[in-house]
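Each residue of the sequence shown is one higher than the one before, starting from 2 at the first, in the working numbering. Here the structure comes first, spelled out in structure tokens, and everything after it is commentary.
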Amino acid sequence: FGTIALVLGSFTFSNSLEHESGLLTVTVMGIALGNMKDIHVEDILSFKENLTLLLISMLFILLAARIELDLLIAIGWPAIALIITMQVIIRPAAVWLCCLGSDLNWREQWLIAWIGPRGIVAAAVSSLFALKLEQHGVARAEELATLTFAVIIGTVLLQSLTSTLLATVLRVREPSPRGVLIGGANKVARALGEALDKNGIAVMLVSANYEHVKEARQQGLPVFYGNPISGHADTHLDLVGIGRMLAVSPYREENVLASLRYRPEFGRDNIFALKTTRESNVSSDKTAISDAHKGHYLAGGDLNYRKFLDALNQGATIKTTKLTDAFGWTQYCSAASAEYYPLFALDKRQRLNLFTEKYTFLPDTGWSIVSLVYPETEKETVIEHASMAPAG
């Protein structure tokens, strides 16, 4: 509230010195605030977003209340011609000029040119100009705001109905968030990342351990060097196509911090973690981590980090079993034992499902089950000879 009071006070004071200078003043204040070091502006940004939504909604209602529906209809075809001209000539030309020398290709430029709806700035400025022109006795000045609202309505309707199709046709649409962000690049994280990658699931490993990052790169895995909860990651970590987070650190506090950090990005139901040895040994609620702060445990919590790492060191591998009519989920469960830990399941459409303590999906024929398999066990031989096949 102190910030908003300072902004409003500066706006009013600036306008009292020079008419219409308040907007420039508060804009400069925002630029200065954003470039200050060691200033946390997250709360201010959150408050600003809520306040902006409220004020803009009210302003739109107030400005639209001045529009005469009969006048809007009377404008007719000239308004439609203006919308088309702005949409297919003026806007593309402006975007092309602005993108000269940039790395954007023609597909990306066309999408930018298409999705440029006019909004509150155009409505407010045109309404202000219309009032000023009316005060000076300019004929048909009231049509300026009406025509602007016609453009706003037309562009919003047109672009909201066609932007998704155009992005698909131009092949610039963001892929569906099927990928997994893996917190860690240790041996266990790399094994999980490699298994997901081989099954067609995009992965991004993130770690501040350079040796782990180097080994992940040598395996051909996408990896980000840096702390997953750092400001550097907030700015540079590419989450395009990523929809889940799997924390794979031997330290439970790191897993919890990463889970809390990425919960707003992916949602609580898409945050997962591999249980640590310390968590497996917790027997009291006084020392256990609250369910509200941790992710869903991979493999239902029966498999912890130390057990997973020991299994890999003993020669265990992550294998994919394709379910068939002859060897379905029931047969798989009968064949599985303590030497098998189902980790993921991919359905017929290659959608990823993770086995947790609360999984509700039921694998069917055509699904692929990805499991941690211990070496040289009788059960493994049964499964491999029954229907072991790579997914996809």
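For every residue, glycine included, the Cβ atom is placed at its ideal position computed from N, Cα and C. Since we're looking at a predicted model, the values are computed, not measured.
Output the boundary residues of the beta strand (DSSP E) element that contains residue i.
i	result
Asn354	353-355
Thr318	318-323
Pro343	341-347
Ser208	204-208
Phe225	224-226
Please classify residue i: is it buried, with 16 or more other beta-carbons within 10 angstroms of its beta-carbon, or exposed?
i	result
Trp374	A small correction: the amino acid at residue 374 is Val; Trp does not occupy that position in the sequence shown. With 16 or more Cβ atoms within 10 Å of its Cβ, Val374 is classed as buried.
Arg191	buried
Tyr226	buried
Trp78	exposed
Phe362	exposed
Pro265	exposed
Asn314	exposed
Thr149	buried
Val89	exposed
Leu54	exposed
Thr28	exposed
Met59	exposed
Phe48	exposed
Met205	buried
Lys276	buried
Ala6	exposed
Pro376	exposed
Thr356	Before going on, a small fix: residue 356 reads as Phe here, not Thr. By the neighbour-count rule (16 or more Cβ atoms within 10 Å), Phe356 is buried.
Trp107	exposed
Ser291	exposed
Asn51	exposed
Val139	exposed
Phe14	exposed
Arg253	buried
His213	buried
Lys349	exposed
Tyr306	buried
Ser369	buried
Leu34	exposed
Phe2	exposed
Just grab the DSSP bridge partners of residue i for me.
i	result
Met246	Leu182, Ile272
Ser369	Lys323, Leu347
His297	Phe273
Val374	Thr318, Tyr341
Starting from residue i, follow the alpha helix (DSSP H) in both directions and report where the run begins and ends.
i	result
Phe14	3-18
Tyr306	306-314
Phe362	From DSSP, Phe362 is part of no alpha helix (DSSP H); its letter is neither H nor E.
Tyr213	First, the residue type needs correcting, since residue 213 is His and not Tyr in the sequence shown. Here the alpha helix (DSSP H) through His213 covers 211-219.
Gln332	330-336
Arg191	188-199
Tyr263	253-267
Ala234	232-237
Ile290	Counting along the chain, Ile290 falls outside any alpha helix (DSSP H), and DSSP gives it neither H nor E.
Ile32	23-35
Glu280	278-281
If I measure Cβ to Cβ from residue i and keep anything under 8 angstroms in the same chain, skipping five residues before and after, which residues do I get?
i	result
Gly242	Glu175, Pro176, Ser177, Pro178, Arg179, Gly180, Ala203
Asn16	Ser22, Gly23
Phe61	Ile121, Ala124
Glu358	His297, Tyr298, Gly301, Gly302
Gln160	Trp115, Ile116, Gly117, Pro118
Thr147	Ile68, Glu69, Leu72, Leu73, Ile76
Leu261	His294
Tyr360	Gly301, Asn354
Under 7 angstroms Cβ to Cβ from residue i, same chain only, skipping five residues before and after it: list those, please.
i	result
Gly31	none
Phe267	Gly244, Arg245, Met246
Gln220	Arg191, Glu195
Lys188	Leu310, Leu313
Gly393	At Gly393, the pLDDT of 31 sits below 50, so the modelled position is not reliable; the number obtained from the coordinates is stated separately. Result list for Gly393: Asn200, Gly201, Gln351, in chain order.
Val257	Ile290, His294, Lys295
Ile45	Thr4
Phe130	Leu145
Got a sec? Which residues, its chain only, sit under 6 angstroms from residue i by beta carbon, not counting five neighbours each side?
i	result
Asn354	Ala346, Phe362
His474	This structure cannot speak to residue 474, because the chain is shown only from 2 to 393.
His237	none
Glu1	Residue numbering for the chain in the displayed model covers 2 to 393; residue 1 lies beyond these limits and cannot be assessed.
Gly185	Ser208, Val249, Ser250
Gly316	Pro376
Ala217	Ala186, Arg191, Leu206, Val224
Ala289	Val283
I'd like to know if residue i contacts chain D, where contact means its C-beta is closer than 8 angstroms to some C-beta of that chain.
i	result
Gly180	The chain labelled as chain D is not found in the depicted structure, where only one protein chain is given.
Which runs of the alpha helix (DSSP H) spanning at least 4 residues fall entirely within the segment 41-80, listed in chain order?
You should have 43-65, 70-76.
Run through the segment 92-171 for me and flag every whole alpha helix (DSSP H) of 4 or more residues, listed as ranges in chain order.
Counting whole runs of 4 or more residues, the segment 92-171 contains the alpha helix (DSSP H) stretches 92-99, 107-115, 121-136, 143-170.
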